[in-house]
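There are 2 protein chains.
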Amino acid sequence: MGMGTVGIKEVARRAGVSPGTVSNVLNHPERVRAETRDRVEQAIRDLGFVRNGSAATLRAGQNRAIGLVVLDVGNPFFVEVARGVEDVVSDRDHAVILCNSGESFEKEARNLRVLAEQRVRGVLITPAGEDLASVETLRARDVAVVLVDHSAPGDLCSVSVDDVAGGDLAVTHLLDRGAERLAYVSGPMAIRQCSERRKGARRALRTAGLPVRALEEMIVPEMNANGGRAAAEKLLAAGLPDAIFCANDMLALGVLRALSQAGVKVPDDVALIGYDDIEFSAAGTVPLSSIRQPTYQLGKIATELLLDECDDPDGHAHQQIMFQPELVVRESSR
Amino acid sequence: MGMGTVGIKEVARRAGVSPGTVSNVLNHPERVRAETRDRVEQAIRDLGFVRNGSAATLRAGQNRAIGLVVLDVGNPFFVEVARGVEDVVSDRDHAVILCNSGESFEKEARNLRVLAEQRVRGVLITPAGEDLASVETLRARDVAVVLVDHSAPGDLCSVSVDDVAGGDLAVTHLLDRGAERLAYVSGPMAIRQCSERRKGARRALRTAGLPVRALEEMIVPEMNANGGRAAAEKLLAAGLPDAIFCANDMLALGVLRALSQAGVKVPDDVALIGYDDIEFSAAGTVPLSSIRQPTYQLGKIATELLLDECDDPDGHAHQQIMFQPELVVRESSR
DNA sequence: GGAGCGAGTTGACACGTTTTAATCAGGTCG
DNA sequence: CGACCTGATTAAAACGTGTCAACTCGCTCC
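In structure tokens:
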């Protein structure tokens, strides 16, 4: 079929123009006369030419793409964020490279290196922990970075949701409902979301005049349904609390499932509330109470911030945007 | 900080060697003397050098990456496939570029063009329809292609699950359970999975001696929870059947939710079965019966096939692998 | 009619890497 | 002592595109 690869210069020869003109047709169509343009476009179709993106990127010094590094692609929360990102990015004629860090520093660092090698214009990242060293490394190489769902120090853009408020909201709700012994099921405290939500939970306890130890902690390595199940089994063994607050809905769904299997009634025996309000929460065995976040907006705004910074690196003022979360009460804590 | 971008030649100067040696350190470490290697690696660290992937790709003619084009990143089925892909690919020191076609031909074509521009070594794709023209275009440019969850003609690799058998399994089960009037909630018939599963469903009817019209069809444009909800509302308006078979679990979850809200009891008033057996199915308001597929395997095997073809394009024999699905009965059809 | 102009086009170079053949040092063998 | 080999290093030539200064051509204006 196509003998070898067909490049810009073969197109040029066929259309009877110079390679420079073909390049102009691709990148600055307005600069070339309509008739010439048609001839070139015809040649492109005839030869089935596809621009070599690497060459373009090499020449330009940067890729028309941004990276998105999330903690877990299996979590609908991040899928929704990604939708927001994707929509903005494709409007602006860029591409997204989606990477999964699986909450691991090592994978995060590897992903960032790949993105740096690809010379992406910028990176959206939900860091796996508090240590932003690898992010700083990236910025030192002139890659714009916006933190997603993670607030940032002043010299960086970030878009987040007030996790302290969310934790407070959840636990206050559980306390209002009459709970006295609580449990917090969470991923590692190195993950900002986890520690912030705990902070909010503790604040709620203080406000209610309760000691911090009224909140038992159950930490699992991975914030997914398996983690939730494991936590629930430990809680079952150790004696159930009145109410359980989970650091995200995936955990909560796992907890819910394990409890159901053990014959524990939610919310009669134990009240349960999650975090993120993912689509599946409402459809659970017992519809799940949760803390809703403006997920799609998170991705959308973050991307706009990032692309603005890319387009005008100097005139750009870093901003930290913080949304407020919202309590959604359903069957699991009624 | 880093003045301009630091390239291989600045590293070379600093280490007191030639650029070629630096390249060798990166790509063929065994060719360079240990002492020299250390010096170069030190220089790399000192300068914070990151290899420019575009230049490498340009020179090599292809990217150490493969593309994965799925119908819906929001669907846990594809997320699981992606995990299988990712695991194999990273073992072989490649990268995955994940693309979402959203079941749209246009987005599919755009994604394939981007992948072609990036000069990926190969592409794994679940086509949005029967028309494989864009896939053929890609192959004409020497990009290896493996079809995922979609059986292929002989000149192409594919890894799929027997959807006819799956449809048969589901409907036979519903019939065994005593259903007489059935509905099939599905995405567009242009999507192979949808039409194949219908074929299986009809076969089951024939086997049972029932006419094809015993299976009412309800087709929605998108195979997600919203589509399911819409279908359920139409069914409610038109008069409910005894049993509903959904072309995937996302649809089934939407149907289930809409029915619950309308006060319809599952499985007492209507039996329900989905397809894919995604993780959330078991946790539904009513745990969902489903057809299980070896999802992770699908991604894993497909990737192995693809990379084998890339590594040895000539000695490669195309194969079509087909797995058998499995019936999982839960509350929704008990 | 020549200077000046603007639109359209061209040719050559640069981007950063990998590869290939050539070079070099050091050692072995005849 | 020179021919020959081995292993380590180098210089130079690609890879395919985008940019930019230079150039052409047809016009207008004085």
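Residue numbers (the working numbering), protein chains in the order written: chain A, 6 to 339; chain B, 6 to 339.
Just so it is clear, CB atoms sit at the ideal spot from N, CA and C, and this is done for glycine as well.
Give a yes or no on whether the C-beta atoms belonging to residue i and residue j are separated by under 8 Å.
{"i": "D247 (chain B)", "j": "R203 (chain B)", "result": "no"}
{"i": "L312 (chain B)", "j": "C162 (chain B)", "result": "no"}
{"i": "A209 (chain A)", "j": "L180 (chain A)", "result": "yes"}
{"i": "A145 (chain A)", "j": "G58 (chain B)", "result": "no"}
{"i": "P330 (chain A)", "j": "R297 (chain A)", "result": "yes"}
{"i": "S191 (chain A)", "j": "A252 (chain A)", "result": "yes"}
{"i": "M223 (chain B)", "j": "L245 (chain B)", "result": "no"}
{"i": "T290 (chain B)", "j": "A237 (chain A)", "result": "no"}
{"i": "S286 (chain A)", "j": "V334 (chain A)", "result": "no"}
{"i": "C315 (chain B)", "j": "R42 (chain B)", "result": "no"}
{"i": "A206 (chain A)", "j": "G172 (chain A)", "result": "yes"}
{"i": "L103 (chain A)", "j": "L143 (chain A)", "result": "no"}
{"i": "A114 (chain A)", "j": "R69 (chain A)", "result": "no"}
{"i": "G259 (chain A)", "j": "G279 (chain A)", "result": "no"}
{"i": "E108 (chain B)", "j": "I249 (chain B)", "result": "no"}
{"i": "S338 (chain A)", "j": "R182 (chain A)", "result": "yes"}
{"i": "P292 (chain B)", "j": "E336 (chain B)", "result": "yes"}
{"i": "V45 (chain B)", "j": "V30 (chain B)", "result": "yes"}
{"i": "P81 (chain B)", "j": "G79 (chain A)", "result": "yes"}
{"i": "V164 (chain A)", "j": "V151 (chain A)", "result": "yes"}
{"i": "G214 (chain B)", "j": "L129 (chain B)", "result": "no"}
{"i": "N105 (chain A)", "j": "D77 (chain A)", "result": "yes"}
Should residue i be flagged as near chain B, meaning a C-beta pair shorter than 8 Å?
{"i": "V94 (chain A)", "result": "no"}
{"i": "G304 (chain A)", "result": "no"}
{"i": "N32 (chain A)", "result": "no"}
{"i": "A121 (chain A)", "result": "yes"}
{"i": "I102 (chain A)", "result": "yes"}
{"i": "L258 (chain A)", "result": "yes"}
{"i": "F150 (chain A)", "result": "The residue you asked about is not Phe; residue 150 (chain A) is Val in the sequence shown. Taking Cβ atoms only, chain B never reaches closer than 8 Å to V150 (chain A), which makes this a no."}
{"i": "V78 (chain A)", "result": "yes"}
{"i": "T290 (chain A)", "result": "yes"}
{"i": "E284 (chain A)", "result": "yes"}
Can you name the start and end residues of the beta strand (DSSP E) that residue i belongs to?
{"i": "M194 (chain B)", "result": "No beta strand (DSSP E) contains M194 (chain B), which DSSP labels as neither H nor E."}
{"i": "M223 (chain A)", "result": "220 to 224"}
{"i": "I283 (chain A)", "result": "Here I283 (chain A) belongs to no beta strand (DSSP E), and DSSP marks it neither H nor E."}
{"i": "Q67 (chain A)", "result": "Q67 (chain A) -> no beta strand (DSSP E), and no H or E assigned at all."}
{"i": "V260 (chain B)", "result": "Here V260 (chain B) belongs to no beta strand (DSSP E); instead the alpha helix (DSSP H) covers 254 to 266."}
{"i": "F54 (chain A)", "result": "Careful: F54 (chain A) lies outside any beta strand (DSSP E) and carries neither H nor E."}
In the DSSP output, what is residue i paired with across the bridge?
{"i": "E336 (chain B)", "result": "DSSP lists no partner for E336 (chain B)."}
{"i": "E331 (chain A)", "result": "A:R297"}
{"i": "F110 (chain A)", "result": "In DSSP, F110 (chain A) forms no bridge with anything."}
{"i": "L103 (chain B)", "result": "B:L73"}
{"i": "F250 (chain A)", "result": "A:Y189, A:I278"}
{"i": "G289 (chain A)", "result": "B:G289"}
{"i": "Q325 (chain B)", "result": "B:S163"}
Measure from the C-beta of residue i to each C-beta in chain A and report whether the shortest distance is under 8 Å.
{"i": "L261 (chain B)", "result": "yes"}
{"i": "L63 (chain B)", "result": "yes"}
{"i": "A138 (chain B)", "result": "no"}
{"i": "A252 (chain B)", "result": "no"}
{"i": "V153 (chain B)", "result": "no"}
{"i": "F83 (chain B)", "result": "no"}
{"i": "A87 (chain B)", "result": "yes"}
{"i": "G7 (chain B)", "result": "Low confidence applies here, because G7 (chain B) scores a pLDDT of 45, under 50, leaving its location unreliable and the question unanswered by this model."}
{"i": "V55 (chain B)", "result": "yes"}
{"i": "E2 (chain B)", "result": "Missing from the structure shown is residue 2 (chain B); chain B here goes from 6 to 339 and no further."}
{"i": "T212 (chain B)", "result": "no"}
{"i": "R118 (chain B)", "result": "yes"}
{"i": "R38 (chain B)", "result": "no"}
{"i": "R124 (chain B)", "result": "yes"}
{"i": "G21 (chain B)", "result": "no"}
What first and last residue would you give for the alpha helix (DSSP H) that runs through residue i?
{"i": "R126 (chain A)", "result": "Neither: R126 (chain A) is in no alpha helix (DSSP H) and is coded neither H nor E."}
{"i": "R182 (chain B)", "result": "Per DSSP, R182 (chain B) belongs to no alpha helix (DSSP H) and is neither H nor E."}
{"i": "N32 (chain B)", "result": "24 to 32"}
{"i": "G233 (chain A)", "result": "230 to 243"}
{"i": "V271 (chain B)", "result": "It is not in any alpha helix (DSSP H) - V271 (chain B) carries neither H nor E in the DSSP assignment."}
{"i": "D92 (chain B)", "result": "81 to 96"}
{"i": "R19 (chain B)", "result": "13 to 20"}
So does residue i have its beta carbon nearer than 7 Å to some heavy atom of the ligand MN?
{"i": "A65 (chain A)", "result": "Absence of the ligand MN is noted for the structure shown, with no ligands found whatsoever."}
Which ranges does the alpha helix (DSSP H) cover as unbroken runs of at least 4 residues, wholly within the region 124 to 168 of chain A, from first to last along the chain?
138 to 145
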